[in-house]
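For the sequence shown, position 86 (counting from the first letter as 1) is numbered 86 according to UniProt numbering, and the numbering increases by one without interruption. Just so it is clear, CB atoms sit at the ideal spot from N, CA and C, and this is done for glycine as well.
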Amino acid sequence: MRQQVTIMEHPLIQHKITRMRKTETSTKEFRELVSEVSMLICYEATKNLPLTEVEIETPLTKMKAVELSGKKLCVVPILRAGLHMADSILHLIPNARIGHIGMYRDEETLQPVEYLCKLPTDIKERVVYVVDPMLATGGSAISAINQLKQRGITNLTFLCLIAAPEGVEAFTKAHPDVPVYIGALDSHLNEHGYIVPGLGDAGDRIYGTN
1 MRQQVTIMEH PLIQHKITRM RKTETSTKEF RELVSEVSML ICYEATKNLP LTEVEIETPL
61 TKMKAVELSG KKLCVVPILR AGLHMADSIL HLIPNARIGH IGMYRDEETL QPVEYLCKLP
121 TDIKERVVYV VDPMLATGGS AISAINQLKQ RGITNLTFLC LIAAPEGVEA FTKAHPDVPV
181 YIGALDSHLN EHGYIVPGLG DAGDRIYGTN
């Protein structure tokens, strides 16, 4: 199967990501920008959701219109930084369910360590969007998708704000069947596994921690 990797080129996304990168951007503004970019990426990632025809009545007349078909949606953030992305996406898809996958990166091995996986009971029936601001080494995203596939979940898409080529290569090799939507593709990873030029630690900048 040919994998769909989509790198956003919309001017609004590029502009907002530039503002996110700036060291002087406040925590409040950073959160707002993460929300805005997350919604714009979600808008693109959901463009092929199936529609069904319905008959409705407007204040003037009856008409045939379309609405989302019976496909149920679920957003699964990778904790903790993915939480804010998920909250933002709920503004577009308020009826979506939310799952949670918790993991952190071992600073010595750079490998993900899992500590939580809490999912809706009917998640196998849903279209699932896994979200995390950064796709650096790819380890966390790959592990999260592994967990979901092991539970029989197959309709998966991954969304991130910033990615490194190394992470994209690792992810697409591990999960060639999962579409990926990326806000911006950066240059490389440094020796500490951080995306360059990047925007720093997304979780710390969202929550104002060090």
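Quick check: residue i and residue j, are their CB atoms within less than 8 Å of each other?
i: Ala81; j: Asp132; result: yes
i: Gly167; j: Leu135; result: yes
i: Ser187; j: Pro176; result: no
i: Leu68; j: Leu90; result: no
i: Ala65; j: Val54; result: yes
i: Gly138; j: Phe171; result: yes
i: Val128; j: Leu156; result: yes
Identify, in the order they occur along the chain, each residue of the same chain with its Cβ nearer than 6 Å to the Cβ of residue i, setting aside the five sequence neighbours on each side.
i: Gln4; result: Pro179
i: Ile93; result: Leu73
i: Val130; result: Val76, Ala144 and Phe158
i: Leu83; result: Pro77
From residue i to residue j, what distance separates their C-alpha atoms?
i: Val37; j: Leu79; result: 18 Å
According to DSSP, is residue i part of a helix, a strand, or is it coil?
i: His188; result: strand
i: Leu60; result: coil
i: Arg2; result: Residue placement at Arg2 is flagged as unreliable, the pLDDT there being 49, under the threshold of 50; the coordinate-derived value follows with that caveat. In the structure shown, Arg2 sits in coil (DSSP, three-state: anything other than H, G, I, E or B).
i: Met8; result: coil
Compute the minimum distance between the beta carbon of residue i and the heavy atoms of the ligand SAM, and state whether it is under 7 Å.
i: Thr58; result: Within the structure as shown, the ligand SAM is missing, as the structure has no ligands at all.
Leaving out the 5 sequence neighbours to the left and right, which residues in its chain are closer than 7 Å to residue i when beta-carbon positions are compared?
i: Leu125; result: Sequence inspection shows Glu at residue 125; the Leu mentioned does not correspond to that position. Within the same chain, Glu125 has close Cβ partners Lys72.
Less than 8 Å between C-beta atoms, sequence neighbours within five positions excluded: which residues of the same chain meet that for residue i?
i: Thr121; result: none
Pairs of beta-carbons, one from the stretch 5 to 14 and one from the stretch 143 to 159, closer than 8 Å: are there three or more?
Contact between the stretch 5 to 14 and the stretch 143 to 159 is absent, with fewer than three C-beta pairs closer than 8 Å.
Between the stretch 199 to 209 and the stretch 20 to 29, are three or more C-beta pairs nearer than 8 Å?
yes
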